[in-house]
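Peer 1: Submitted below is the structure of interest, expressed as C-alpha cells.
Numbering (the UniProt record's numbering), first residue to last: 1 to 307.
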C-alpha cells in the first residue's frame, strides 16, 4: 500500500507533469539527470569505460554504482514526503539525480566528473525554473505601496507572502498561494506578495531574512489593522526559523481562513448596507393639481365678500 499511494498520485498528476517537463528548463534538466545512465548504456561509449564487475561488462552498473543509486533514491523518497506540489517532487528527483551523476562521474573518471560539475554550475547560473503564470487574486506590493495598502482600511485583513524569485521553495509555493487567493479573496480579506530579493529594506523592516541559507522563505504574515498578528514559519529567539510545511491544509488551519473569510464577507455586506437609498435626499413630492370645483367655490366666496 505504501508503494501504491505514490504511484496513484503520480498517475493522477501525470498530465501536469508532462506539461512541466516540456518546458526548456525541465527538458535540459532531464537530459543532465540521465547523463551517467546514457554514458554507461550507450554502445561504443561504454566499451571504453572502466568497471569493477566480475564479468568485466563495462556496459552495466557495478555493485558500488547500484549502492550509490539506491542510497540517493532513499533520500529522494524521504524528501518527497514533505513535498507539496508536483514541481517540488520533480525538482527533488532532478536535484538528487544530478548529485548522483556528479558522484558517479568522479568515481568513473575525474576528468568526466569535472566536466559534468562544470556543466551543472553553468546550468545553475544561466537557467532558472519557470515562474508560476496561472490565475490569482494577489496584489504585488513594493517598498512604496505596502504601508499604504496595510493602513488604508483597518477592517481589511491582509495575508502577505514575503518571497524571492531565486528561491525554489517560493517558486513551488506560488501555485498553492494562488489557489488560496482564488478561494478566499474578498473585499475584507486580501492577499499580497512582496519580493524581498528586490526590496531589501522591506526584509529588514519586517525581519525576514533574504539570505540563501535562510529557512524563512517563503514567509506568510497575517496583518489586521495594519499590524502583524502572526507569521509562518515562526522565528525563535536565536533568529532561526522553525520548520513548517506550507501545505494548503496547514495554512487554512493555522490562519483560520474559513473563519476569516466568513467575517470578511460580513464586512462587505455591512459596507453595501451603508450605501442604502435612505442616505440619498428624498425626491420632491408632486403637487396635487387644483380641482375645478374648488376654484369655483373660491371665486364665489370672493364675490360674496365684495358685496
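In this text, a Cβ means the ideal position worked out from N, Cα and C, and glycines have one as well.
If you drop the 5 nearest sequence neighbours on each side, which residues of the same chain put their C-beta closer than 8 Å to that of residue 50?
Peer 2: If you number the chain shown from 1, residue 50 lands on position 50. Same-chain partners within the cutoff: 58, 108, 109.
Peer 1: With DSSP collapsed to three states, give me the class of residue 232.
Peer 2: Taking the first residue of the chain shown as 1, we reach residue 232 at position 232. In this structure, residue 232 counts as strand in the three-state DSSP scheme.
Peer 1: If you draw a straight line from the alpha carbon of residue 309 to that of residue 60, how long is it in whole angstroms?
Peer 2: For the chain, the structure presents residues 1 to 307; residue 309 sits outside this window and is missing.
Peer 1: Take every Cβ of the segment 216-227, pair it with every Cβ of the segment 180-188, and state whether three or more of those distances are shorter than 8 Å.
Peer 2: Contact fails: fewer than three Cβ-Cβ distances are below 8 Å.
Peer 1: Determine the extent of the alpha helix (DSSP H) in which residue 37 is found, giving its start and end residues.
Peer 2: Within the chain shown, numbered from 1, the residue matching residue 37 stands at position 37. Taken as a continuous stretch (DSSP letters only), the alpha helix (DSSP H) holding residue 37 covers 35-41.
Peer 1: Alpha carbon to alpha carbon, how far is residue 234 from residue 242? Give it in angstroms, no decimals.
Peer 2: Counted from its first residue, the chain shown places residue 242 at position 242. Counted from its first residue, the chain shown places residue 234 at position 234. So the two alpha carbons sit approximately 5 Å from each other.
Peer 1: Evaluate the contact criterion for the segment 143-161 versus the segment 122-133: three or more CB pairs, one atom per stretch, below 8 Å.
Peer 2: No, the segment 143-161 is not in contact with the segment 122-133.
Peer 1: In chain order, what residues of the same chain have a beta carbon less than 7 Å from the beta carbon of residue 150, not counting five sequence neighbours either side?
Peer 2: Sequence index remark: in the chain shown, residue 150 carries index 150 (1-based). Correct list, in chain order: 158, 223, 226.
Peer 1: For the 8 Å Cβ check, are there 3 or more pairs between the segment 248-255 and the segment 198-205?
Peer 2: The segment 248-255 vs the segment 198-205: no contact.
Peer 1: Mapping the DSSP letters down to three states, classify residue 138 as helix, strand or coil.
Peer 2: The residue labelled residue 138 in the question sits at position 138 within the chain shown. Note: residue 138 maps to coil in three-state DSSP.
Peer 1: Does residue 244 come out as helix, strand or coil in the three-state DSSP assignment?
Peer 2: One-based indexing of the chain shown puts residue 244 at position 244. Looking at residue 244 - three-state DSSP - the assignment turns out to be coil, as it is neither helix nor strand.
Peer 1: Could you pull the DSSP bridge partners for residue 158 from this structure?
Peer 2: Reading the chain shown from its first residue, position 158 is the one you call residue 158. For residue 158, which the question treats as bridged, DSSP gives the partners 190, 223.
Peer 1: Which whole-angstrom value is the C-beta distance of residue 309 and residue 174, which I expect to be below 8 Å?
Peer 2: Residue 309 lies beyond the residue range present for the chain, which begins at 1 and ends at 307; the question has no answer from this structure.
Peer 1: The alpha helix (DSSP H) that contains residue 63, what's its start and end?
Peer 2: The sequence position of residue 63 within the chain shown is 63, counting from 1. Its alpha helix (DSSP H) spans residues 63-80.
Peer 1: Give the range of the alpha helix (DSSP H) segment to which residue 151 is assigned.
Peer 2: In the chain shown, counting from the first residue as 1, residue 151 sits at position 151. Counting along the chain, the alpha helix (DSSP H) containing residue 151 begins and ends at 146-152.
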